[in-house]
Every structure is written in C-alpha cells, then in structure tokens.
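Heads up, the thing below is written out as structure tokens.
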Amino acid sequence: MSASKLILSVCLLACFLKRSLSKDQQQITVKTGDDVTLQCLDPRGGDIKLLEWRRQDLKDEGYVYYYEGRPRIKDYQHSSFQDRVELVDPKMKNGNVSVILKNVTINDTGTYECYVASGGRPELINTITLTVRVSGDNKRGGDEDGNVGLKVGLSVVALLVGVVGVVGVVMYRKRKGPKEETSYKAPDDKDTDHQ
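Residue numbers -22 to -1, 1 to 173, in mature numbering (1 follows the signal peptide of the UniProt record, and there is no 0), belong to the letters of the sequence shown in order.
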C-alpha cells in the first residue's frame, strides 16, 4: 500500500469515528446536583401524539417521561424520576420534546432515548449518554470539571502525526534506495611496519 493511500485511509477512519460518535448519539457529562437538558427535536414537528423518554437499563421498570395526548407522567414514570423531569417547552412547538432532568445523581448515569409518534409506532429520534460524576472528581483525567475531550483529541492527533511520520520515513528510505556500503580495506600484513 502506498504512503498516500495509507495516510488517506487513516484520515478517513479518524473522520468516520468522530462522525459516528457525534451524529446519532450525544454524550453529556455533568456534576451531581446539576440540572441537565436532554435535547430532542422531532424533525417532523407537527402534532405529537406520543412522547417517551426511556433509559435503556430501565426499559421494563418505567419511563423517564411519558406523554400521550396529555402528560401522564406519574402513571408510567419510573419512581426515581418522579417530580424531577419536565418538558423544556410544554407546548412542544416545532417538535421540541427536550426535557430537563433536575438535581442529577450518580444513579442517573445511563443511556437515554427519545421516542416520538405523530401516529403509528414511536420512532427513535435521539440517544444521549449521560455521565454524572461527583463534584470535584477528576480521577478519570481531564481538567477540573472532568472533561477529557481535549486529551483524547490531542492523543488522536499525536497518533496520526506519528503514523504519518513513520510512513514518511519508510517511503523516503524506499525512494533513496539501499545504503551504499563503504568499502574498507584492512591493511595487509605487508604494509605493516614491524619494529
């Protein structure tokens, strides 16, 4: 594989990984006690008949938020979310079905899914991975707020630069050809002066 193809492949892989993480799934990190907005916009807008906010690990135990023609929160809501979740826009204008989760705890860490139906079956609109950490906890690296994005980004860039550098050196040596050997002739016994 030529160096340019390898470099192009590495760059495309890096772009793909970045896009796959950010396109369909958001990642949010907050501190205990904070309020967090879980964003979800139904691109169809219009008349929303059903809204379900679910957390993957609590599928059978109740919803984070449930709306079916009118808010029916207490009927179907998981007990740990009662009195802590509300719509950002109670009228859900322009398909805004985002919710605010108040006073988060470590137990709120998880993957949240937003399902909307205007008629028919609910459709997954958005997935959010929420990480809640104890205030002041930065054991996982990052800055004092626990952000690791910059460190990860710089690590990826450093890795890419290293790969490109190694490929460049290999290609340079390949084009230059093998090292010419310097012939060194050992002196003959005849040339040696014995005293």
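Here a beta-carbon is modelled for each residue, glycine too, at the ideal position from N, C-alpha and C. Computed from a predicted structure; not experimentally measured.
(message) With the cut-off set at 7 Å, would you say residue 82 and residue 12 are in Cβ contact?
(response) For this step, residue 82 is matched to residue 104 along the sequence shown. For this step, residue 12 is matched to residue 34 along the sequence shown. Less than 7 Å divides the Cβ of residue 82 from the Cβ of residue 12.
(request) Tell me the start and end of each unbroken beta strand (DSSP E) in the region 12 to 67 that is at least 3 residues and wholly inside, in chain order. (result) Complete beta strand (DSSP E) runs here, min 3: 14 to 16, 28 to 33, 43 to 46, 63 to 65.
(message) Which of the three DSSP states is assigned to residue 69 in this structure?
(response) Residue numbering aside, residue 69 sits at position 91 when the sequence shown is read from its first letter. Residue 69 falls in the coil class under three-state DSSP.
(message) So, under 8 Å CB-CB, residue 30 and residue 100 are touching, yes? Tell me the CB distance rounded to an integer number of Å.
(response) Within the sequence shown, the letter at position 52 stands for residue 30. Within the sequence shown, the letter at position 122 stands for residue 100. Yes, residue 30 and residue 100 are in contact; Cβ-Cβ is about 6 Å, under 8 Å.
(message) Bridge partners for residue 9 per DSSP, in chain order?
(response) As a working mapping, residue 9 is identified with position 31 in the sequence shown. Answer is 111.
(message) Can you tell me whether residue 104 is helix, strand or coil according to DSSP?
(response) Taking the first residue of the sequence shown as 1, we reach residue 104 at position 126. It is a strand residue.
(request) Closer than 6 Å by C-beta to residue 23: which residues in its own chain qualify, once you throw out the five before and the five after it? Chain order, please. (result) Counting from 1 along the sequence shown, the entry for residue 23 is found at position 45. Within the same chain, residue 23 has close Cβ partners 72, 73.
(message) Quick check on residue 150: buried or exposed, where buried means 16 or more other Cβ atoms within 10 Å of its Cβ?
(response) Here residue 150 refers to the residue found at position 172 when the sequence shown is read from its first residue. So residue 150 counts as exposed.
(message) Three or more C-beta pairs under 8 Å: does that hold for the region 93 to 107 against the region 52 to 69?
(response) Judged by Cβ distances under 8 Å, the region 93 to 107 makes no contact with the region 52 to 69, as fewer than three pairs qualify.
(request) Could you tell me the boundaries of the beta strand (DSSP E) in which residue 78 lies? (result) By 1-based counting over the sequence shown, the position of residue 78 is 100. In the DSSP assignment, residue 78 falls within the beta strand (DSSP E) that extends over 77 to 79.
(message) Closest to residue 35 by C-alpha separation, out of 153, 85, 94, 97, would be which residue?
(response) Position 57 of the sequence shown holds residue 35. Among 153, 85, 94, 97, the Cα nearest to that of residue 35 belongs to 85.
(request) With residue 88 as the anchor, note down where its beta strand (DSSP E) starts and where it stops. (result) As a working mapping, residue 88 is identified with position 110 in the sequence shown. Annotation: the continuous beta strand (DSSP E) that includes residue 88 extends over 88 to 95.
(request) Could you have a look at residue 154 and say whether DSSP puts it in helix, strand or coil? (result) Your numbering for residue 154 matches position 176 in the sequence shown. Reduced to three states, the DSSP call for residue 154 is helix.
(request) Would you kindly check if the distance between the Cβ of residue 87 and the Cβ of residue 5 is under 7 Å? (result) The residue labelled residue 5 in the question sits at position 27 within the sequence shown. The residue labelled residue 87 in the question sits at position 109 within the sequence shown. Cβ distance not < 7 Å, so residue 5 and residue 87 don't count as in contact.
(request) Under 8 Å by Cβ, that's how I've got residue 16 and residue 93 pegged, so tell me the actual separation to the nearest angstrom. (result) Residue numbering aside, residue 16 sits at position 38 when the sequence shown is read from its first letter. Residue numbering aside, residue 93 sits at position 115 when the sequence shown is read from its first letter. Taking C-beta atoms under 8 Å as the contact rule, residue 16 and residue 93 fail to qualify, at a distance of about 13 Å.
(message) Let me check understanding here. Comparing Cα to Cα, which of 64, 112, 95 lies closest to residue 26?
(response) Numbered from 1 along the sequence shown, position 48 holds the residue referred to as residue 26. The residue with the shortest Cα to Cα distance from residue 26 is 95.
(request) On a CA-only basis, which of 42, 153, 67 is nearest residue 60? Give me that one, please. (result) Position 82 of the sequence shown holds residue 60. For residue 60, the closest of 42, 153, 67 by C-alpha to C-alpha distance is 42.
(request) Give the single residue among 44, 14, 18 whose Cα lies nearest to the Cα of residue 28. (result) Along the sequence shown, one-based indexing puts residue 28 at 50. Checked all of 44, 14, 18; the closest Cα to residue 28 is 44.
(request) To the nearest angstrom, report how far apart residue 7 and residue 38 are at their CA atoms. (result) Your numbering for residue 7 matches position 29 in the sequence shown. Your numbering for residue 38 matches position 60 in the sequence shown. C-alpha of residue 7 to C-alpha of residue 38: approximately 25 Å in a straight line.
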